[in-house]
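Chemist: Quick one: the structure is below, and I'll ask about it shortly.
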Amino acid sequence: MKFVTPDLCDAYPELVKAVEPGFANYGGVDSFGGEIVTVKCFEDNSKVKELVDEPGEGRVMVVDAGGSFRCAMLGDMLAEKAVNSGWAGIIMYGCVRDVDVLAELELGVQALGSHPMKSLKKGIGEVGGDVTFGGVTFKQGEYVYADNNGIITSPEPLEMPAE
């Protein structure tokens, strides 16, 4: 389903919160949304690697990578696994790489930027807790929607208003 965040904001002003600007689309799907799965990790994408192998079931992985610009936390191989596992998208508060390949995948990907260096893999990070960035707290089990206009959250699923 195509989501238009301004329309969702207009239809559900009492529910939605908008994330501060700064993210860009890198995936082949530029409009995506779903139930939130949170990850908190810094310059170590081990937990992201574990999650992309789990059934995504149309959910969106929201990764608090500390806003780091020193390495990429998602590349083509993990993104391809996410597609194969049924994830709708990944929102990365950090960087991604292999952006030409990401743009060809059926996956929504938003991030702060791109970086050619890979991250560490020490198994450090946590899945499932609240993460806060961009002026919004993302809670596991709530919902997130993203498009070229921005990113919004909602405590409940939203439907696009009728035209």
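Just so we're aligned, residue 1 is where the sequence shown starts under the UniProt record's numbering, counting upward by one. Here a beta-carbon is modelled for each residue, glycine too, at the ideal position from N, C-alpha and C.
Measure the C-alpha to C-alpha separation of Met-160 and Ile-152 and round it to an integer number of angstroms.
Modeler: In a straight line, the C-alpha of Met-160 is about 13 angstroms away from that of Ile-152.
Chemist: If you reduce the DSSP assignment to three classes, tell me which class Lys-40 lands in.
Modeler: Strand, per DSSP.
Chemist: Grouping DSSP H, G and I as helix and E and B as strand, with all else coil, what is Ala-88?
Modeler: The answer is coil: DSSP assigns Ala-88 none of H, G, I, E or B.
Chemist: Whole angstroms are fine: how far does the CA of Val-109 sit from the CA of Tyr-93?
Modeler: Their Cα atoms are separated by approximately 11 angstroms.
Chemist: What is the rounded straight-line gap between the Cα of Lys-121 and the Cα of Glu-142?
Modeler: Their backbone Cα atoms lie some 28 angstroms apart in a straight line.
Chemist: Check the C-beta distance from residue 192 over to Met-117 and give it rounded, since I have them as a contact under 8 angstroms.
Modeler: No answer is possible for residue 192: it lies beyond the span of the chain, which begins at 1 and ends at 163.
Chemist: Please report the distance separating the alpha-carbon of Asp-44 from that of Thr-137.
Modeler: Computed Cα separation, rounded: 21 angstroms.
Chemist: Which residue wins for smallest C-alpha separation from Asp-30, given the options Leu-158, Asp-147, Pro-155, Glu-156?
Modeler: Minimum Cα distance to Asp-30 is reached at Asp-147.
Chemist: Tell me the residue span of the beta strand (DSSP E) that contains Leu-112.
Modeler: That run of the beta strand (DSSP E) goes 108-114.
Chemist: Compute the Euclidean distance between the alpha carbons of Gln-140 and Arg-59, then round it to the nearest angstrom.
Modeler: Straight-line Cα distance between these residues: approximately 10 angstroms.
Chemist: Would you mind sorting Phe-32 into buried or exposed? The rule is 16 or more other CB atoms within 10 Å of its CB.
Modeler: So Phe-32 ends up on the buried side.
Chemist: Relative to the C-alpha of Phe-69, which residue among Pro-155, Pro-157, Asn-84, Ala-111 is closest?
Modeler: Out of Pro-155, Pro-157, Asn-84, Ala-111, Ala-111 has the C-alpha closest to the C-alpha of Phe-69.
Chemist: Bridge partners of Gly-33, per DSSP?
Modeler: Bridge partners of Gly-33: Tyr-145.
Chemist: Using DSSP's beta-bridge definition, name the partner residues of Lys-118.
Modeler: Note: Lys-118 sits in a beta bridge opposite Ala-72.
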